[in-house]
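Residue numbers (this note's numbering): 43 to 394. Report on the structure given below.
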């Protein structure tokens, strides 16, 4: 081999090696993924800290660090909480956590779990919600987005400036509701519902825009509600209401992932995650309730006999929801019966 041919051979080999190395590096680089996770609560609130961070950390770990989840609390990517679902669909954010009821009537099947006195405990209802999502909602109402988790919070209740022991006490009160089901319930109970996202509650209370709010115990600490009102009304047995949540991902972003990275996302999502999320929120109710107790606030518990008056006033909401579902071409009666059956099925499993 001549010196010239030897040099050309070395150059050619180096070029092939460089090309191969570049291709390999390029492939690895293409598989490095950043997901922007957007939501409406402060980073230190229970859901971001105890649920969303657990999900994000799990995805990062199970992807071997090839997925990075950037977390944007308090609407830092812009917009308002009711816009979060569209941000996920449009790709403004890759993943969002949101209250389904922030877009009233858009995902009506989820409202079966928000009907008054449906909710037993958050784990059982979140389990039922995921099953019904996969069967009825995944390829219908949520077809434009990839859902990672579906869950509900712990028992919904009322927090007010003046005490509420009966529905009559709500007459004339302006109460913030978190969904159209809750707002309808408030109307039936004699209050004036005020729609506002949960981050606006502290200002609404402090400025007298609202006289109270419907939220579970869990979120009261982040919002400083026990410092802003002195009365809290809770219910024995089934909850007055609950809200539905989703953790949703941009569909194209999910589908663009290689299979092993999809597997990392899938491993941290789905039924088990949904039950974990709902249960974790509900588990935070107790410590939050204790904060109100320590402040000397007035905690009113409506016993089983008292609940019947509330139930009777709330019953028309079922009829209205069924009629609304029928107008949308959906079998609300079948959905309601299935939800009730699943909740009854799973409640003993999670009641311990």
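From the three backbone atoms N, C-alpha and C, an ideal C-beta is built for every residue, glycine too.
Using DSSP bridges, identify the partner residues of residue i.
i           : result
residue 344 : 277
residue 88  : Looking at the DSSP assignment, residue 88 forms no beta bridge with any residue, so it has no partner.
residue 111 : 77
residue 292 : 187
residue 329 : Residue 329 pairs with nothing; no bridge assigned.
residue 235 : 217
residue 139 : 289
residue 198 : Per DSSP, none; premise fails for residue 198.
residue 193 : 287
residue 385 : Answer is none; residue 385 lacks a bridge partner.
Leaving out five residues before and five after residue i in sequence, what residues of the same chain have Cβ atoms less than 6 Å from its Cβ?
i           : result
residue 234 : 216
residue 324 : 164 and 196
residue 310 : 97, 100 and 101
residue 304 : none
residue 390 : none
residue 187 : 130, 131, 290 and 293
residue 31  : The first residue shown for the chain is 43 and the last is 394, placing residue 31 beyond what the model contains.
residue 380 : none
Do residue j and residue i come within 8 Å of each other at the CB atom, strictly closer than that value?
i           : j           : result
residue 145 : residue 124 : yes
residue 322 : residue 93  : yes
residue 113 : residue 74  : no
residue 277 : residue 349 : yes
residue 88  : residue 393 : no
residue 362 : residue 221 : no
residue 282 : residue 198 : yes
residue 284 : residue 159 : no
residue 359 : residue 223 : yes
residue 191 : residue 271 : no
residue 238 : residue 246 : yes
residue 243 : residue 267 : yes
residue 275 : residue 344 : yes
residue 355 : residue 230 : yes
residue 140 : residue 351 : no
For residue i and residue j, which I take to be in contact (beta-carbon distance under 8 Å), what is that distance rounded to the nearest angstrom?
i           : j           : result
residue 126 : residue 138 : 4 Å
residue 240 : residue 257 : 6 Å
residue 170 : residue 384 : 4 Å
residue 82  : residue 117 : 6 Å
residue 168 : residue 316 : 5 Å
residue 319 : residue 193 : 4 Å
residue 212 : residue 219 : That pair is no contact at about 12 Å.
Starting from the C-beta of residue i, find all residues in its chain whose C-beta is less than 8 Å away, skip the five residues before and the five after it, and write them out in chain order.
i           : result
residue 85  : 91, 113, 115 and 116
residue 119 : 78, 80, 129, 134 and 135
residue 181 : none
residue 373 : 367
With hydrogens ignored, establish whether the beta-carbon of residue i is closer than 7 Å to any heavy atom of the ligand FMN.
i           : result
residue 335 : For the structure depicted, the ligand FMN is absent and the ligand set is empty, with no information on it obtainable.
For residue i, which residues in the same chain have their Cβ closer than 7 Å to its Cβ, ignoring the five residues on either side in sequence?
i           : result
residue 306 : 101, 104, 105 and 109
residue 346 : 278 and 279
residue 111 : 77, 79, 98, 101 and 102
* Asked: Does the region 256-264 touch the region 131-150, meaning 3 or more C-beta pairs lie closer than 8 Å?
  -> Note that the region 131-150 does not touch the region 256-264; fewer than 3 beta-carbon pairs, one per stretch, sit closer than 8 Å.
* contact_flag[the region 172-181, the region 292-301] where n(CB pairs < 8 Å) is 3 or more -> Inter-segment contact for the region 172-181 and the region 292-301 is absent: fewer than three beta-carbon pairs are separated by less than 8 Å.
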